[in-house]
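A.B. asks: Take this structure, written in structure tokens, and hold onto it; I'll ask about it next.
Residue numbers (the working numbering): 986 to 1199.
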């Protein structure tokens, strides 16, 4: 059976992007677009991003994670360090992040190096999570094979009783990563597939801004 998707087409015409109109600082440009998406309220999770790592099997792998904060140093997310992505980052910390906001006809690609955040940062974020999410982090030995879901549910129930009215400790193998960017690409859909692509490349301490062919 084969599905023909040749007629699934959309014309992009909501906005344009030029070297003259973008902010000289890519983080400020990101912030501007991010706030526009949030204010438009047309994306359920504007902070959802595809994190791509290079797997130990030699294949790249992307999965959606949530951006939890960003600052002048980079982009932060939190996970199990023993997970497949955690192991991949340990072996090769070159990663990419991708944001796609179809309602705004926009996409952002970020290349950078992932590093663990401080223990203090990880502790503070873990403490801010809902209790259920904290317990879930204790239960999940992420990416390991499990017999069935009931195994996880039973362990969660036990932990709920154990930590009723108590603070849930952060697992030692759980914490944050910061992706320190080296390159940004901002993509704006345009008519006739002549999309606008503006790239920022870090050279020394300076960001070089270039237009790319669509």
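Ideal Cβ placement from N, Cα and C applies to all residues, glycine included. Bear in mind that the values here come from a model prediction, so they are computed numbers and not experimental data.
Which residues mark the beginning and the end of the beta strand (DSSP E) in which residue 1070 is found?
C.D. replies: Segment 1069 to 1076 is the alpha helix (DSSP H) holding residue 1070; no beta strand (DSSP E) there.
A.B. asks: Check residue 1085 in the structure and name its three-state DSSP category.
C.D. replies: strand
A.B. asks: Look up residue 1192 in the DSSP assignment and give the residues it is bridged to.
C.D. replies: 1187
A.B. asks: Considering only the alpha carbon of each residue, which of 1070, 1120, 1036, 1179 lies closest to residue 1001?
C.D. replies: 1179
A.B. asks: Output the distance between the C-alpha atoms of residue 1077 and residue 1039, rounded to the nearest integer angstrom.
C.D. replies: 7 Å
A.B. asks: To which residues of the same chain is residue 1028 closer than 7 Å at the C-beta, ignoring the five residues directly before and after it?
C.D. replies: 1022, 1086, 1088
A.B. asks: Among 1123, 1197, 1193, whose alpha-carbon lies nearest the alpha-carbon of residue 1010?
C.D. replies: From the listed residues 1123, 1197, 1193, the smallest Cα separation to residue 1010 is found for 1193.
A.B. asks: In three-state DSSP terms, what is residue 1021?
C.D. replies: helix
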